[in-house]
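Using the numbering used here, the first residue of the sequence shown is number 31, and each one after it goes up by one.
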Amino acid sequence: MTSDGETKLDQAAGSDGWCTFDDPSRECDTDHARIQAELETEIHPEHPFYRRNLKVIAHALGCDDVICTHVDEPGRYSVLHLTWGGRPEIGTCPTIDFDGDRHGVAKYFDYS
C-alpha cells in the first residue's frame, strides 16, 4: 500500500459490486457519462455540494451509490446515493453517505 492509502481506495472502488470508470467491470453495461450527468442534474442550490466540481470515479452495480472525487480538493472523496429522478432534487438528496479522505473511504468500505 502507498503511504496515502491509494491501494485501499482502489481496492474499495474495484471490489465486487463496484465498477470503476477507468477500468469498467465486465458485468457493467451502464453508460458512465449518464451517471456523471445524473449527479450534476441532482445537485441543487441547497445541497452541500452545489457548485463543487465532483467527478464520479466508480458506481455500485447493485444500487445507486457512486464514489466521487472533489476535483478542486485533491484527496477528498465522497460516496453519494443518487435518486435517478432526472431532475434537481430537494433537501439532502442526493444523500452523502461518506465524505473524507482516502483513509476514511477505506474505513467506510471496511478495508482499513
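Note that CB positions come from ideal geometry on N, CA and C, so glycine has one too.
Only a predicted model underlies this, so the values are computations on that prediction, with no experimental measurement involved.
Nearest-angstrom Cα separation, counted from residue j out to residue i
i, j, result
"Pro54", "Ile120", "31 Å"
"Val109", "Arg56", "22 Å"
"Ser33", "Arg132", "Note that Ser33 scores 41 on pLDDT, short of 50, meaning its location in the model is unreliable and no value can be drawn from it."
"His62", "Lys85", "11 Å"
"Thr60", "Ala88", "11 Å"
"Arg117", "Asp129", "23 Å"
"Phe79", "Ile73", "7 Å"
With 16 other Cβ atoms within 10 Å as the buried cut-off, status of residue i
i, result
"Asp95", "buried"
"Cys93", "exposed"
"Glu76", "exposed"
"Glu103", "exposed"
Proximity to residue i [Cα-Cα], best of the options
i, options, result
"Tyr107", "Arg117, Ala136, Cys123", "Ala136"
"Leu127", "Asp61, Leu112, Val101, His100", "Here residue 127 turns out to be Asp, not Leu, going by the sequence shown. Ranking the options by Cα distance to Asp127, first place goes to Leu112."
"Ile139", "Glu103, Cys58, Ile65, Ile97", "With the sequence shown as reference, residue 139 is identified as Phe, and Ile is not the correct amino acid for it. Out of Glu103, Cys58, Ile65, Ile97, Ile97 has the C-alpha closest to the C-alpha of Phe139."
Distance CB(residue i)-CB(residue j) smaller than 7 Å
i, j, result
"Leu91", "Cys49", "yes"
Where residue i falls: helix, strand or coil (DSSP)
i, result
"Val86", "strand"
"Ile73", "coil"
The ligand ZN heavy atom lying under 6 Å from the CB of residue i
i, result
"Asp129", "As presented, the structure is devoid of all ligands, the ligand ZN included, so that no description of it is given."
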